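See structure below.
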Amino acid sequence: MLKQQSNSIIFRRLNAFKRNKRAVVSLVLFSIIFLISLIAEILANDKPLLIKYKGEFYFPIVKSYSDKMFGGDFPTEADYKDSYIRQNINKHGYMIFPPLPYSYNSIDYTLERPTPSSPDSKHWLGTDDEGRDILSRIIYGIRLSVIFAFLLTATSSVIGIIAGAIQGYFGGKTDLIMQRVLEIWEALPQLFILIIIASIFIPSFWGLLFIMICFGWMQLTGIVRAEFLRTKNFEFVKAARALGVSNQRIIFRHILPNAVVATMTFVPFILSEAIVALTALDFLGLGLPPEYPSLGDLVRQGKDNLQAPWIGISAFFVLASILTLLIFIGEGIRDAFDTRKNQ
């Protein structure tokens, strides 16, 4: 009976989400964009997808091959843009390049115009001030930003939910002490701390993720705490205590599922905030190292190269589109979990 009721609630929420056509379309578009970014190496790469050379097949995007293997003189990795290597491979076989023969860090040394160069048949969105293809950097940058935001949102949400559950369930001194700690931690100047850390060493992907988790886990704590304070006085919780059910089981089996429902509506908005935060830090030079394909670095280049408006327009359009889609998805999830609209 309880299982049927739970399934009925899930179906009602799914139907409520499907009725929001804007949210459904946004979810489809965001999923397509993210899936495209996941195969960035296949779509945009300065290495061939496949080489057939003297009857043998090679896959440079999976494995590195030396210059000597294709008739060169050096033991280092082959440069597939080198005219001699290209001629030698085409003489004894063929090679297939991706639709965009540029990776996010590929510098086009054959440009006939000074960088940043405007869009043309070779570079559909132009190049940045270092001669790198903007479209390739956008594809890789979307993947980096979304994965970073997913990891940050998931990890910080789990920590915040657990902290809020402990506060709300046990209450008393536990709640009082943790609330004071939260107030002190929230008052710490995150930007100044990042400036200090960036001046000491350049944060890596995981290092920056750890730093942002340390300051971002408190977003859901207050919501979960309030939900636990409300729910722990319900009759089914009192009955579970009277039957000798452990606190851990009551928290994770009886109260937490109800609290998670209240937090689900905030997840897409937290995800969009994480993308904005990473972009802002990269724009200020406090985020990822320069070798990463960052959207924030593209925004910075747009600011520094106002004579090349295609850079700023591309960065603005990509960020605005992704954030708009996430906001629409969040609105759809919020309406799906709204009991007043989901009857």
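In terms of this note's numbering, the numbers along the sequence shown are unbroken and rise by one, the last being 994.
Where is the CB? At the ideal position from N, CA and C, for every residue including glycine.
Treat the numbers as computed from the prediction; the structure is a model and nothing was measured.
Cα separation between M652 and A925? Here the model assigns M652 a pLDDT of 45, short of 50, so the residue's position is not dependable, and the following value carries that caveat. Rounded to whole angstroms, M652 to A925 spans 40 Å at the Cα level.
Whole-angstrom C-beta distance between L949 and G823, which should lie under 8 Å: In fact, because the Cβ distance is near 50 Å, the residues do not count as touching under 8 Å.
Does DSSP classify G983 as helix, strand or coil? helix
Residues bridged to G744 by DSSP? Y704
Just checking, does the stretch 833 to 846 make contact with the stretch 887 to 903 on the three C-beta pairs under 8 Å criterion? no
Can you tell me which of the three DSSP states M652 falls into? Confidence at M652 is low in this model, with a pLDDT of 45, below 50, so its placement is unreliable and the value that follows should be read with caution. M652: coil per DSSP, three-state reduction.
Can you tell me whether R737 is helix, strand or coil according to DSSP? helix
So, at 6 Å on beta carbons, what are the nonlocal neighbours of Q818 in its own chain, with the 5 sequence-adjacent residues on each side left out? D826, M829 and R876
Apply the 10 Å Cβ neighbour rule to V809 and answer buried if 16 or more other Cβ atoms are within range, or exposed otherwise. exposed
Could you tell me which uninterrupted alpha helix (DSSP H) segments, each at least 4 residues in length, are contained entirely in the stretch 734 to 813, listed from first to last along the chain? 734 to 743
Around the C-beta of P699, are 16 or more other C-beta atoms found within 10 angstroms, so that it is buried, or is it exposed? buried
I'd like the ranges of any alpha helix (DSSP H) spanning at least 4 consecutive residues and lying wholly in the stretch 666 to 702. Counting whole runs of 4 or more residues, the stretch 666 to 702 contains the alpha helix (DSSP H) stretches 672 to 689 and 691 to 694.
Compute the beta-carbon to beta-carbon distance between L976 and F668, rounded to the nearest angstrom, for a pair I have assumed lies under 8 Å. Not quite, the Cβ-Cβ distance comes to about 15 Å (not below 8 Å), so this is no contact.
Check this for me: beta carbons of M915 and I813, under 8 Å apart or not? no
Distance check for S769 and S1004, CA to CA, integer angstroms please. In the structure as shown, the chain starts at 652 and stops at 994, and residue 1004 therefore has no counterpart that could be examined.
Mark D771 as exposed unless 16 or more other C-beta atoms lie within 10 angstroms of its C-beta, in which case mark it buried. Counting the other Cβ atoms within 10 Å of the Cβ of D771 gives fewer than 16, which makes it exposed.
Assuming S945 contacts D933 (C-beta within less than 8 Å), just tell me the rounded distance between them. 4 Å
Whether W868 touches G811 by CB criterion (8 Å): yes
Coil, strand or helix - Y709 by DSSP: It is a strand residue.
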